[in-house]
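Student:
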Amino acid sequence: MYITKLFKNVGLRYFFDDRIVASLAHESFKVAEENDYSRFHNSLVWLEENEVLFGRSQWFMLDANKKKQGYVKPGSECYKWVEKKLDKDPNW
Numbered sequence: 004m005y006i007t008k009l010f011k012n013v014g015l016r017y018f019f020d021d022r023i024v025a026s027l028a029h030e031s032f033k034v035a036e037e038n039d040y041s042r043f044h045n046s047l048v049w050l051e052e053n054e055v056l057f058g059r060s061q062w063f064m065l066d067a068n069k070k071k072q073g074y075v076k077p078g079s080e081c082y083k084w085v086e087k088k089l090d091k092d093p094n095w
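Our numbering applies: residue 4 is where the sequence shown begins, and numbers increase by one.
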């Protein structure tokens with residue numbers, strides 16, 4: 004579901020939001036594989052190999068107030084439908 008809208012947006016404004024949505028999709032694909040659903044394995048691999056996930060570098064660039072929340076959510080209008088949040092990785 005998340006991957007279909009991943010690269011709809013262009014420009015720096017959507018840079019973080021696209022990565023957040025990609026990471027949420029990645030988490031969902033990992034859970035699916037853990038439950039023996041391998042249909043989205045190729046999507047999982049593609050996300051891991053193409054540097055589109057939200058990571059330590061993106062977290063570092065966030066505003067201090069957003070960091071204090073301990074999670075991020077996409078904020079742009081086109082991702083209004085996303086209800087999940089991406090929790091901060093303990094390694095960040």
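Ideal Cβ positions, reconstructed from N, Cα and C, are used throughout, including at glycine.
(1) Would DSSP call residue 74 helix, strand or coil?
(2) Would residue 93 be called buried (16 or more neighbouring beta carbons within 10 Å of its own) or exposed?
(3) Does the pairing of the segment 67-79 with the segment 42-50 give three or more beta-carbon distances under 8 Å?
(4) By how many angstroms is the C-alpha of residue 39 removed from the C-alpha of residue 80?
(5) Go through its chain and collect everything with a Cβ distance to residue 26's Cβ below 6 Å, but skip five positions before and after it.
(6) Less than 8 Å separating the beta-carbons of residue 82 and residue 20?
(7) Quick one: using the 10 Å Cβ neighbour count with 16 as the cut-off for buried, is residue 29 buried or exposed?
Tutor: In brief:
(1) The residue given as residue 74 occupies position 71 in the sequence shown. DSSP places residue 74 in strand when its eight states are reduced to three.
(2) Residue 93 sits at position 90 when you count from the first residue of the sequence shown. That one is exposed.
(3) No, they do not touch.
(4) For the purposes of this step, residue 80 is taken as residue 77 along the sequence shown, with counting starting at 1. For the purposes of this step, residue 39 is taken as residue 36 along the sequence shown, with counting starting at 1. The straight-line gap from Cα to Cα measures roughly 34 Å.
(5) As a position in the sequence shown, residue 26 is number 23, starting the count at 1. 56, 57, 89.
(6) As a working note, residue 82 is residue 79 in the sequence shown. As a working note, residue 20 is residue 17 in the sequence shown. Taking 8 Å as the cut-off, the Cβ atoms of residue 82 and residue 20 count as close.
(7) Here residue 29 corresponds to residue number 26 of the sequence shown, with the count starting at 1. When all chains shown are included, residue 29 counts as buried.
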